[in-house]
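Participant: Let me begin by handing over the structure; questions about it come next.
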Amino acid sequence: MKGKVFACYTLADEIRKVLPPDLDLELLPYALHLTPDKLRKELQERIDADMEHDVLLFGYGLCSYGVVNLHSERHTLVIPRVHDCISLLMGAREIYDREFAKVPATFYVSKGWVDQGAEPYAEFQRHSEKYGQKNAQWIIDNQYCHYQRLVFIDTEVGDREHYENYGREVAQFIKVEFQRQVGSLRLLTKLVQGDWDKEFVVVPPGHMVMQRQFL
Numbered sequence: 001m002k003g004k005v006f007a008c009y010t011l012a013d014e015i016r017k018v019l020p021p022d023l024d025l026e027l028l029p030y031a032l033h034l035t036p037d038k039l040r041k042e043l044q045e046r047i048d049a050d051m052e053h054d055v056l057l058f059g060y061g062l063c064s065y066g067v068v069n070l071h072s073e074r075h076t077l078v079i080p081r082v083h084d085c086i087s088l089l090m091g092a093r094e095i096y097d098r099e100f101a102k103v104p105a106t107f108y109v110s111k112g113w114v115d116q117g118a119e120p121y122a123e124f125q126r127h128s129e130k131y132g133q134k135n136a137q138w139i140i141d142n143q144y145c146h147y148q149r150l151v152f153i154d155t156e157v158g159d160r161e162h163y164e165n166y167g168r169e170v171a172q173f174i175k176v177e178f179q180r181q182v183g184s185l186r187l188l189t190k191l192v193q194g195d196w197d198k199e200f201v202v203v204p205p206g207h208m209v210m211q212r213q214f215l
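Take the sequence shown: its position 17, counting from 1, is numbered 17 in the UniProt record's numbering, and each next residue is one higher.
Printed below as a string of structure tokens:
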């Protein structure tokens with residue numbers, strides 16, 4: 001069977017690190033999960049347009065229900081049984097659940113999140129250009145006032161010291177505790193190597209991705 005991976009740009013380096021040479025890769029823009037209907041539309045269009053592959057793998061989780069109702073008449077669809085990419089970067093849904101139970105109000109960053117500007121300081125800069133620094137600071141203060149810590153997930157890609165230090169600066173910027181956590185490519189490796197056990201939702205041709213499959 002011939003396969004292809006669809007993934008968010010935030011996972012680009014991690015996916016490429018474990019991607020076998022016989023699998024194709026297509027990266028989608030960051031932040032589509034913020035509008036789940038848009039994420040679903042983008043993915044479904046790519047599924048419908050693909051005539052070259054038998055299996056489509058997704059570097060996504062449930063992602064605000066953005067993968068629900070995806071379907072194909074010709075492909076097998078394979079999605080990690082996780083809520084979002086944080087579990088993928090940590091290597092297991094159970095690890096994320098354990099961290100969430102410890103400190104629910106946690107903001108997570110990785111190399112990909114920083115590169116995509118998906119963190120508070122980058123948001124502040126964008127708001128400053130649009131509304132001025134004073135208003136931008138007010139927005140950030142209100143948006144992140146309930147967070148208690150920022151965690152940098154180290155997946156051993158890129159300049160790790162640089163990204164960890166940047167994470168510390170962002171944590172200081174929003175006045176929360178900083179922690180570094182060792183990530184894992186275990187789940188992504190299983191995805192691309194075809195080791196699809198109970199940690200994955202496997203949808204055969206003619207069927208649809210259902211929300212209950214992620215419980």
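C-beta atoms are modelled at their ideal positions from N, C-alpha and C, and glycine is treated no differently.
#1: Which one of Ala118, Tyr163, Gly3 and Glu164 has the shortest CA to CA distance from leucine 32?
#2: Is the separation between the beta-carbon of glutamine 116 and that of threonine 10 shorter than 8 Å?
#3: Taking the Cβ atom as the reference point for each residue, do valine 151 and tyrosine 108 lie within a distance shorter than 8 Å?
#4: With a threshold of 8 Å between beta carbons, is proline 205 in contact with chain B?
#5: For glycine 183, which of Asp24, Gly91, Cys63 and Glu42 has the nearest alpha-carbon?
#6: Residues in the same chain with beta-carbon distance under 7 Å from glycine 158, minus the five sequence neighbours each way, listed in chain order, please.
#7: Could you round the C-beta distance between valine 201 and valine 209 to whole angstroms and report it? I think they count as a contact, below 8 Å.
#8: Applying the criterion that 16 or more other CB atoms from any shown protein chain within 10 Å of the CB defines a buried residue, is lysine 4 buried or exposed?
#9: For proline 80, list the residues DSSP reports as bridge partners.
#10: Helix, strand or coil for arginine 180? Go by DSSP, reduced to three states.
#11: Going by DSSP, what residue range makes up the beta strand (DSSP E) through glycine 3?
#12: Compute the Euclidean distance between the alpha carbons of arginine 74 and methionine 1, then round it to the nearest angstrom.
#13: Taking the alpha-carbon positions, what's the aspartate 22 to alanine 136 distance?
#14: Is the beta carbon of arginine 81 less than 8 Å from the beta carbon of glutamate 199?
#15: For a minimum of 4 consecutive residues, which ranges assigned as the alpha helix (DSSP H) are wholly contained in the region 12-86?
#16: Would you call the region 35-47 and the region 58-71 in contact, with 3 or more CB pairs under 8 Å?
#17: Would you kindly report the start and end of the unbroken beta strand (DSSP E) that includes arginine 212?
#18: Give the straight-line distance between the Cα atoms of glycine 167 and lysine 17, rounded to the nearest whole angstrom.
#19: Please name the residue in Glu123, Asn165, Ile174 and Tyr96 whose C-alpha comes closest to that of cysteine 145.
#20: Using CA coordinates, which residue listed in Gly194, His162 and Cys85 is at the minimum distance from arginine 180?
#21: Express the C-alpha separation of lysine 38 and histidine 53 in angstroms, rounding to a whole number.
Facilitator: Short version:
#1: Ala118
#2: yes
#3: yes
#4: In the displayed structure, chain B is absent; only one protein chain is listed.
#5: Gly91
#6: Asp13 and Lys111
#7: 7 Å
#8: buried
#9: Phe200
#10: strand
#11: 3-8
#12: 12 Å
#13: 46 Å
#14: yes
#15: 12-18 and 36-49
#16: yes
#17: No beta strand (DSSP E) contains arginine 212, which DSSP labels as neither H nor E.
#18: 22 Å
#19: Ile174
#20: His162
#21: 23 Å
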